[in-house]
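Asker:
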Amino acid sequence: SAIPVLVSRCLLGFACRYDGKAKPSILPLLGEIPEVNWIPVCPEVEGGLPLPRTPCELEPGATAADVLAGKGRVCTKEGRDCTREYCLGAQLALQSAETNGAKFALLKAKSPSCGTRSIYDGTFSRTLIPGRGITAELLAGAGIALFSEDELESFSRTVARALPESD
Ligand code: SF4
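2 is the number of the first residue of the sequence shown in the working numbering; add one for each residue after it.
Here it is as structure tokens:
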């Protein structure tokens with residue numbers, strides 16, 4: 002049976018990115034993988050942000066864990082607070098994962114929602130720092146294994162190994 006995998010919706014070629022534009026789907030890059038039941042989520046849109054939207058970053062010094070604990074904010078460059086939408090989108094994504102039994106997530110890199118290893122530092126100068134986006138943090142805390150779009154090989158290997166257990 003197919004393995005349920007949560008996936009950042011923009012990675013499948015949907016135009017949900019902040020600029021309202023689509024990028025090519027990553028699916029052709031995956032090669033031979035077992036049957037996957039993709040569960041696409043876009044936490045920013047599902048959390049209530051418009052399309053297109055003004056990009057946000059986590060405030061300087063705030064981690065995703067801080068934000069989820071109510072101790073930090075996610076804002077636009079002009080200081081508009083979008084924390085509520087980011088946290089709601091993360092909760093909805095986790096809900097989708099749990100409803101569908103997804104233990105894996107394949108996520109867009111560097112996003113303040115979906116980034117798994119690095120995010121922008123809150124100064125809007127395109128400076129990356131180690132850290133997770135809000136949704137990635139919530140999913141990781143729930144024990145979901147996170148893969149970034151730049152880890153497709155290890156994602157494919159891990160999903161292939163999980164196949165026998167999924168029956
Ligand atoms: Fe939506 Fe995540 Fe893609 Fe941003 S990175 S457009 S929040 S799915």
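C-beta: ideal position from N, C-alpha, C; glycine also.
Which stretch, first to last residue, makes up the beta strand (DSSP E) that contains residue 156?
Answerer: That residue, residue 156, is in no beta strand (DSSP E); its alpha helix (DSSP H) goes 153 to 163.
Asker: Does the beta-carbon of residue 99 have 16 or more other beta-carbons within 10 angstroms, so that it is buried, or is it exposed?
Answerer: exposed
Asker: Pairing CB atoms from the segment 153 to 160 with CB atoms from the segment 109 to 121, are three or more of them under 8 Å?
Answerer: no
Asker: For my contact list, residue 91 and residue 149 are in at a C-beta cut-off of 8 Å; report their separation, rounded to the angstrom.
Answerer: Residue 91 to residue 149, Cβ: 17 Å. No contact.
Asker: On a Cα-Cα basis, can you pick out the residue from 25, 101, 154 and 125 that is closest to residue 6?
Answerer: 101
Asker: To the nearest angstrom, report how far apart residue 81 and residue 59 are at their CA atoms.
Answerer: 12 Å
Asker: Would you kindly work out how many angstroms separate the C-alpha atoms of residue 132 and residue 26, rounded to a whole number?
Answerer: 25 Å
Asker: Would you mind reading off the limits of the alpha helix (DSSP H) that contains residue 58?
Answerer: Unbroken run through residue 58 is the beta strand (DSSP E), 57 to 59; no alpha helix (DSSP H).
Asker: So what's residue 117 in DSSP terms, helix, strand or just coil?
Answerer: Of the three classes helix, strand and coil, the one that applies to residue 117 here is coil, per DSSP.
Asker: Can residue 143 and residue 95 be called in contact, C-beta distance under 8 Å?
Answerer: In contact: residue 143 and residue 95 (Cβ atoms closer than 8 Å).
Asker: Please find out if some non-hydrogen atom of the ligand SF4 comes closer than 7 Å to the beta-carbon of residue 115.
Answerer: yes
Asker: By Cβ distance below 8 Å, which residues in the same chain neighbour residue 40 in space, the five residues on each side in sequence not counted?
Answerer: 5, 6, 7, 8, 97, 98, 101 and 103
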